[in-house]
Structure formats: structure tokens, C-alpha cells
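Below you'll find the structure, written out as C-alpha cells, and then a few comments.
Protein chains: 2
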Amino acid sequence: MRDDSAFLLVAGTTETALIDGISAAGAAPDLMVHTPSADAEIVTYGEPITAPIVPVSPSGCPTPAVTTRAVGEVLDFRATIVDAGLARATSAPTIDVEGAPGRDVREATAVPTAQEQFEAARELGSNYPASDLWLGETIPGGTTTALGVLTALGEPATVSSSLPENPIDLKREVVADGLDASGIAAGDLAGNPLAAVAQMGDPVLATVSGLTVGALEAGTDVTLAGGTQMLAAAALVRHAGHDDDLSLATTSFVANDESARVDELATSLDLDVTVTDPGFDEASHPALDAYERGEAKEGVGMGGALALADRAECSMATVREQIVTVAERLTGDATPQMPDGGQR
Amino acid sequence: MRDDSAFLLVAGTTETALIDGISAAGAAPDLMVHTPSADAEIVTYGEPITAPIVPVSPSGCPTPAVTTRAVGEVLDFRATIVDAGLARATSAPTIDVEGAPGRDVREATAVPTAQEQFEAARELGSNYPASDLWLGETIPGGTTTALGVLTALGEPATVSSSLPENPIDLKREVVADGLDASGIAAGDLAGNPLAAVAQMGDPVLATVSGLTVGALEAGTDVTLAGGTQMLAAAALVRHAGHDDDLSLATTSFVANDESARVDELATSLDLDVTVTDPGFDEASHPALDAYERGEAKEGVGMGGALALADRAECSMATVREQIVTVAERLTGDATPQMPDGGQR
């Protein structure tokens with residue numbers, strides 16, 4: 007990273023994740039509530055230290071936190087966690103932005119605290135001591151709430167998925183129910199991002215958009231590190247009237263997901279897009295192969311971490327090796343690393 | 007620092023600090039509630055980023071957070087903040103241990119959450135990925151609650167002060183009122199540390215003692231970085247039945263404070279004591295001179311930071327230069343530094 011760069015990982019929860027079949031960000035729906043808290047510990051410490059699970063998909067694919075942590079170990083940077091509404095304790099240090107877990111998007115109000123969180127995040131973003139800010143996210147169910155926000159804003163309603171087969175019809179059904187419950191139609195909240203995130207979003211989107219607006223107001227460069235959730239955050243920023251330069255850094259897995267149409271939406275939102283291919287097809291390991299099968303794809307800032315590695319001229323072969331090291335540590339095969347990068 | 011070292015700064019508040027004349031950890035009693043939150047930002051970012059004050063004593067002496075941050079900048083380590091009961095928001099990332107602000111020690115119960123905090127801290131301490139843990143504290147009014155705990159445990163009732171003239175008679179009076187309110191006499195809670203901290207302590211003491219017990223149980227080396235508050239924490243650990251090796255690292259200002267009798271108490275608690283003299287008499291700057299006059303003396307892990315500098319063979323002249331740099335940054339004369347150590 008540049009000396010003036012900082013990487014914030016915005017972590018939260020939404021009850022939308024409990025809808026059966028909506029997300030692969032956990033081995034089972036009732037375990038997903040732990041995923042962001044465990045991701046925070048993996049990014050901070052290299053493994054969960056008190057969180058009771060290692061987040062994996064139903065097929066066992068480890069969380070993309072592994073990649074963000076691995077790149078951090080190689081480049082010697084650590085993401086700082088922002089608590090945008092965790093539902094379970096984490097032993098990672100977190101910055102508080104008055105977050106609370108989000109409700110099911112099928113309720114009338116999905117994020118009761120949207121305005122307070124947006125404002126707290128905006129203040130943090132405008133005061134954060136960096137001139138180059140990278141923002142990642144971890145929130146199971148987040149592509150569905152992203153679809154909800156995009157739909158409410160009247161943007162093209164396409165999102166990616168952490169599952170190989172995108173359950174897009176289910177997501178559209180959930181969003182339709184949410185619009186009904188909120189008493190609105192698609193596009194009704196164009197130009198009204200706070201209402202869109204409050205009624206159809208999640209607490210991570212409220213926080214990421216607030217951080218971005220605050221940082222842009224302070225003249226800080228912002229890169230949204232992620233896939234379609236970050237496109238929804240960018241849409242919120244644009245609908246708040248901010249047309250500053252804004253970047254998106256995502257993985258080739260999302261960029262190549264035809265159901266997500268990332269390029270089209272990024273162009274319409276005037277984003278500078280960086281796509282990084284970690285070359286997982288050039289190696290073989292369970293932690294890499296699942297991505298090649300279309301699982302996970304992105305999340306926990308993975309696309310941003312890969313872009314930072316590329317910018318630092320770190321080879322993807324080195325990144326892959328460290329990903330395997332971190333993944334094996336999670337399954338008990340290696341030595342944990344210290345928060346400051348030293349070996350235990 | 008050694009690669010396997012970690013430095014945790016335990017930050018909290020007690021309403022005991024509002025007693026007039028009891029503490030110099032703020033320009034005025036009503037500002038002290040901000041001190042630990044601002045200290046956390048100074049240690050993390052090099053200056054307050056959203057906290058509304060720079061903590062200074064009534065005479066303008068800057069907080070010892072300056073020294074801990076300065077050593078961190080020289081040695082390239084950052085203390086991690088543990089929120090043991092902050093009363094005001096901080097933009098520093100903090101680890102949550104279910105803390106809540108402490109009440110006035112003259113009430114029957116000073117720390118209603120003592121047991122939960124102790125247990126949460128113990129779990130964190132036993133799982134924290136370090137084999138060498140340094141613990142600092144920031145809590146205005148903390149020497150009075152330290153006196154309360156030492157008295158309740160039946161240990162020699164002597165403490166230092168952040169004021170040049172230790173208001174020890176006032177502290178004894180406050181503690182006597184606290185014992186009365188709790189319906190106990192001096193020494194009644196020997197061997198009962200949880201009751202001592204709940205009735206006569208503060209949330210930082212509950213957390214530091216819990217972290218220490220957990221870490222010792224896991225075989226982690228612990229150094230308590232501070233003055234008489236850390237002696238009270240050590241007393242709590244000893245009264246919990248733990249006789250493992252335990253270290254104290256403090257400043258020459260506390261060690262030379264005859265009212266505190268650090269050596270005597272440390273010996274009786276079987277602590278390995280390191281005293282570091284930063285040689286402030288060899289330079290002249292308002293941020294250094296106040297210490298020579300007996301203000302502040304210690305806090306925010308200052309003695310531990312100095313010991314770490316010494317262990318790394320960093321000269322005290324270098325440390326003093328960086329202290330001046332950080333102090334001038336706080337008063338608007340220099341360039342802030344990034345959380346990861348780079349220059350903005």
C-alpha cells in the first residue's frame with residue numbers, strides 16, 4: 007500500500023441472510039450470523055481467536071477473508087474493521103459507527119438506524135487520516151439487499167452471487183416483497199439514497215456510502231473493494247449527488263459473472279474499474295478450486311486486496327501461495343501470525 | 007517489539023474522576039470524560055481525529071499518550087485499544103469486553119459489570135495471539151480507585167498521582183466513604199478480587215486483571231505498563247491466586263514518587279520491575295518539562311513504551327525527539343501520521 011493508504015473493512019449483518027438459499031456466506035443459514043465477526047478476526051489475527059466458526063460455504067469453500075488477510079501478510083498492511091452492525095461478538099478491534107443488525111428486507115424498514123449510521127460514517131470518512139481509502143464489506147445476504155437498493159433507485163437490477171448458480175429469481179421475489187412492504191415501486195427512491203438504504207438496504211450499505219461521501223468531501227480518493235454490493239454503494243453515492251472520481255476494484259470472478267453485468271452498471275455510474283485475476287486456475291488447492299467453480303467470487307475486500315498486490319508488483323503466484331498458507335492455518339495445519347505481521 | 011509481542015491499551019472511565027481535585031488527567035473535571043477516548047485516537051492515529059479535545063493537565067501538560075505514540079512511531083508498533091467502559095465515542099478501533107463506565111467509588115457498587123468484564127477480558131487474554139503481552143491503561147481518577155482496591159484487599163494503601171502534589175488525604179477520604187458505602191472495612195476483601203474491584207475499583211482494573219489472568223493461564227508473558235494503577239491490577243491477580251511471573255514497567259517519575267512506594271508494594275506482590283528514565287531533564291520543551299515538575303508521571307502505557315524502546319536499543323534522545331514531534335502535532339505544528347506508520 008502507499009503510505010497514505012488505508013483499508014477499512016465494513017462488517018455487518020442483515021436478517022435477509024436467513025432466507026433459505028439466498029447466500030453461501032456460511033455453511034448453513036444459522037451460522038451466517040457469525041461470518042462477519044469471524045471474518046474480522048481472520049483479517050486482524052490471521053484466524054478466528056474467539057469467534058466459534060471458520061466461515062465456509064455450504065461446500066466448504068473458505069471465506070474470501072483468506073485472500074485479504076494473505077495479501078495483507080505479503081504487503082504488511084492490516085485492514086481496520088468498522089462495526090456496521092455485527093450481531094455476534096468479535097475479538098477484532100472495531101470502529102463504532104452506531105451500527106445495528108439489519109432486518110429482513112421484506113419488512114417495511116430494513117435499516118432503522120440508516121440515517122445515524124450514514125452520518126456517523128460520513129464524519130469518520132471525512133476525518134480519517136488517509137488520502138487513499140479502500141473500503142471492503144462482509145455481510146451475508148448483501149447481494150440481495152444490493153439488489154433491493156438498486157431496484158429502489160431505478161438502477162439496472164442485476165447482482166452477482168456467492169453461489170455458483172445465482173438464485174436471482176429468488177432475490178427478485180424477495181426484493182418485490184420488500185418493495186410491497188415499503189409501499190414503493192422500482193425507481194421510486196431515485197435521488198433519495200437514505201430512504202433507499204433504510205427501506206431496501208442493509209447497515210453495511212448505509213455505512214459504506216456514508217464513509218465514501220465523507221471521504222470524497224474531504225478530498226480523499228476512494229476505492230470500493232468488492233462486487234455488486236459495492237456497485238449498490240456507488241449508486242447510493244451518485245444518487246446523493248456526488249459525481250467525484252470513484253473507483254471499484256473487483257475480482258475476475260465477479261467481472262466474468264454474466265448475471266451481474268458489472269461493466270454496464272459501473273459505466274453508467276461513472277466508476278473507474280480495476281479487475282484482478284488471481285490466476286487460481288494456475289494452481290490447485292481446495293481453497294482456490296472452489297472459486298474456479300464459481301463459489302464466493304468476491305467479498306471481504308478481496309478484489310481490492312488483489313488490486314493492491316498488483317499495484318505493489320507482487321506476483322499472483324506469491325499471493326496464491328500465501329492464500330494457501332492462510333487457508334491451511336484456518337484448518338489447523340499451520341502457525342498463526344501476529345496482528346503486527348510477526349510470526350507467533 | 008519482539009515479533010510475538012502485543013500492546014493493549016485498556017481505556018475506560020469512572021465517575022470518581024469528577025471529584026474536584028482528584029486527577030490531572032484533563033484540563034477540568036468535566037473534560038476528563040473525553041480523555042480516554044482522545045488518548046485512544048492519539049495512540050492509533052497520532053492525533054485526535056474526531057474526539058473534541060487534546061487531553062492536557064490543568065497546567066497544559068500533554069497526556070502521556072504522546073510518549074506511547076512516539077515510541078510506537080519509532081519502533082513501528084501500534085497499541086490496540088480495549089474499550090473497558092468509554093463514556094464518549096472514539097474513532098479508534100477498539101476491542102469490546104462488555105465494558106461500561108464506572109460509578110463513583112463512594113457508591114455501594116462502583117463497577118456493576120465487574121464480573122462480566124473480568125470474564126470477557128479473561129477469555130480475550132487467554133486467546134490473544136501473542137506470547138508477550140503489554141498492558142497499559144487510561145482512566146482519569148484511576149489512582150483513587152486503585153487506592154480503593156488496595157485498601158479493600160488489605161494491601162499497603164499508597165498510590166501515586168498525576169498532580170505534582172499528591173492529594174492523598176482527599177483520596178483516603180474518598181476511599182473511606184467508599185468502604186462505608188459498601189459496608190466493608192480495609193482488608194475485608196482479601197482473597198476476593200472480584201468483589202474488591204466491583205465495590206471499590208473501576209472498569210479498567212476489572213479488565214486489566216481479567217486480561218492478565220487469562221494470558222497467564224495461557225502461558226503468555228505479561229508486563230503491566232504503568233504505575234500504581236497497575237500495582238492494584240497486580241494485587242487483584244495475586245489475590246485471585248495466580249503466582250506466575252508478572253512484570254511491571256513504569257517511569258522513573260512514578261518510581262521516584264515517594265508517596266507511591268512502588269518498590270515496596272511491587273516486592274510484596276513479587277513483581278519484576280523495570281523503571282525507565284526518559285531523561286527529560288536533558289532536553290527542554292513544554293511537553294517534557296511538566297513531567298520534570300511532577301505532572302502526569304505515567305499513564306497510557308508510557309512506562310511500558312519506554313521499556314520497549316530501551317529493549318530495542320533505541321536511545322532516549324531519539325524517543326524525546328519523537329515525543330516533541332508528536333506533542334507539536336497535537337498543537338497544530340506538524341504533519342499527522344498514518345495508522346500504519348506512514349506519513350500523510
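Residue numbers (the working numbering), protein chains in the order written: chain A, 7 to 350; chain B, 7 to 350.
Even for Gly, the Cβ is constructed at its ideal location relative to N, Cα and C.
Chain-ordered neighbours of Y134(B) on chain A, where CB pairs are closer than 8 Å: Simply I55 and S97.
Which residues of chain B have a Cβ atom closer than 7 Å to the Cβ of E129(A), listed in chain order? Listed by position along chain B, the residues whose Cβ is nearer than 7 Å to that of E129(A) are T56.
Figure out for me which residue from P107(B), P292(B) and A152(B) has the closest Cα to the Cα of E161(B). Minimum Cα-Cα distance from E161(B) among the listed residues P107(B), P292(B) and A152(B) corresponds to A152(B).
Euclidean distance between Cα positions of L217(B) and L130(B): Each residue's alpha carbon lies about 7 Å from the other.
Is the beta carbon of G91(A) sitting closer than 9 Å to the one on G18(A)? Yes, Cβ-Cβ distance for G91(A) and G18(A) is below 9 Å.
Determine the chain B residues that contact I101(A) at a beta-carbon separation under 9 Å, and present them in chain order. Chain-ordered, the chain B residues with CB closer than 9 Å to the CB of I101(A) read T96, S97, A98, P99 and T100.
Interface flag, I87(B) vs chain A, CB-CB below 9 Å: Closer than 9 Å to some Cβ of chain A, the Cβ of I87(B) qualifies, so yes.
Cα separation between S258(B) and E304(B)? Whole-angstrom Cα-Cα distance: 9 Å.
For the alpha helix (DSSP H) that F124(B) lies in, which residues bound it at each end? For F124(B), the uninterrupted alpha helix (DSSP H) run begins and ends at A120 to N133, by DSSP.
Can you give me the start and stop residues for the beta strand (DSSP E) that D227(A) sits inside? Segment D227 to A231, the beta strand (DSSP E) holding D227(A).
Nearest to A293(B) (by Cα), restricted to the options L252(B), Q121(B) and G66(B): Nearest of L252(B), Q121(B) and G66(B) to A293(B), Cα basis: G66(B).
Just to confirm my understanding: we take T119(A), look at its own chain, exclude 5 residues before and 5 after, and list those with CB closer than 8 Å. What are they? Within the same chain, T119(A) has close Cβ partners G91, E104, G105, A106, P209 and A212.
Measuring only the C-alpha atoms, how far is A318(A) from E334(B)? Answer to the nearest angstrom: the Cα atoms are 33 Å apart.
Per DSSP, cross-strand counterpart(s) of E143(B): E143(B) is bridged by DSSP to V16(B).
In three-state DSSP terms, what is A33(A)? When DSSP states are grouped into helix, strand and coil, A33(A) belongs to the coil group.
Cβ-based contacts, 7 Å cut-off: residues of the region 36-54 of chain B near chain A: Within the region 36-54 of chain B, the residues whose Cβ lies closer than 7 Å to some Cβ of chain A are Y51, listed in chain order.
Proximity below 9 Å, CB of G309(A) to CB of T234(A): Going by C-beta atoms, G309(A) is not nearer than 9 Å to T234(A).
Exposure of V249(B), with buried meaning 16 or more beta-carbon neighbours within 10 Å: The residue asked about is misnamed: residue 249(B) is Asp in this sequence, not Val. Of the other Cβ atoms in all chains shown, fewer than 16 fall within 10 Å of the Cβ of D249(B); this residue is therefore exposed.
What runs of the beta strand (DSSP E), each 3 residues or longer, lie entirely inside the region 161-242 of chain B? List check, beta strand (DSSP E) in window: 227-231.
Starting from A114(A), trace the alpha helix (DSSP H) both ways and give me its first and last residue. Segment: none, A114(A) is in no alpha helix (DSSP H) and carries neither H nor E.
Can you tell which of D138(B), Q205(B) and A34(B) has the C-alpha that lies nearest to the C-alpha of A116(B)? Nearest to A116(B) by C-alpha distance, out of D138(B), Q205(B) and A34(B), is Q205(B).
Do V60(B) and P68(B) have their C-beta atoms closer together than 9 Å? Between V60(B) and P68(B), the C-beta spacing is below 9 Å.
On the three-state DSSP scale, how would you describe T93(A)? What sits at residue 93(A) in the sequence shown is Ala, not Thr. When secondary structure is reduced to three states using DSSP, A93(A) falls in the coil class, being assigned neither helix nor strand.
Let me know the secondary structure DSSP gives D269(B) once reduced to three states. Reduced to three states, the DSSP call for D269(B) is helix.
Give the DSSP-derived three-state secondary structure of V72(B) in the structure shown. Here V72(B) sits in helix by DSSP.
Drop a sphere of 10 angstroms on the beta-carbon of E171(B), count the other beta-carbons inside from all chains shown, and report buried for 16 or more, exposed for fewer. Burial state of E171(B) is exposed, judged by a 10 Å Cβ sphere holding fewer than 16 other Cβ atoms.
Taking 9 Å as the cut-off, decide whether the C-beta atoms of L14(B) and T86(B) are in contact. Their beta carbons are under 9 Å apart, which means L14(B) touches T86(B) by this criterion.
Beta-carbon separation of A98(B) and E179(B) under 9 Å? Contact: no.
Cβ-Cβ separation, A221(B) to V214(B) (assumed contact under 8 Å), whole Å: Not really, about 11 Å apart at Cβ, beyond 8 Å.
Can you tell me which of T22(A), A158(A), T337(A) and T73(A) puts its alpha carbon nearest to the alpha carbon of F286(A)? Of the listed residues, the one whose Cα sits closest to F286(A) is T73(A).
Sorted by chain position, which residues of the same chain lie with C-beta nearer than 6 Å to L139(B)'s C-beta, five sequence neighbours on each side aside? Cβ neighbours of L139(B) beyond the five flanking positions: A12, A221, T226 and V228.
Please state if the CB of V243(B) and the CB of L252(B) are separated by a distance shorter than 9 Å. Taking 9 Å as the cut-off, the beta carbon of L252(B) is found closer than this to the beta carbon of V243(B).
Integer-rounded CB distance, given that L195(B) should sit under 8 Å from L159(B): Yes, L159(B) and L195(B) are in contact; Cβ-Cβ is about 6 Å, under 8 Å.
So what does DSSP say about D346(B), is it helix, strand or coil? Model confidence at D346(B) stands at a pLDDT of 45, short of 50, so the residue's coordinates are unreliable and nothing is read from them.
Residue burial classification, P58(A) (beta-carbon count within 10 angstroms, cutoff 16): Residue burial is scored here from C-beta neighbours: P58(A) has fewer than 16 other C-beta atoms within 10 angstroms and is therefore classed as exposed.
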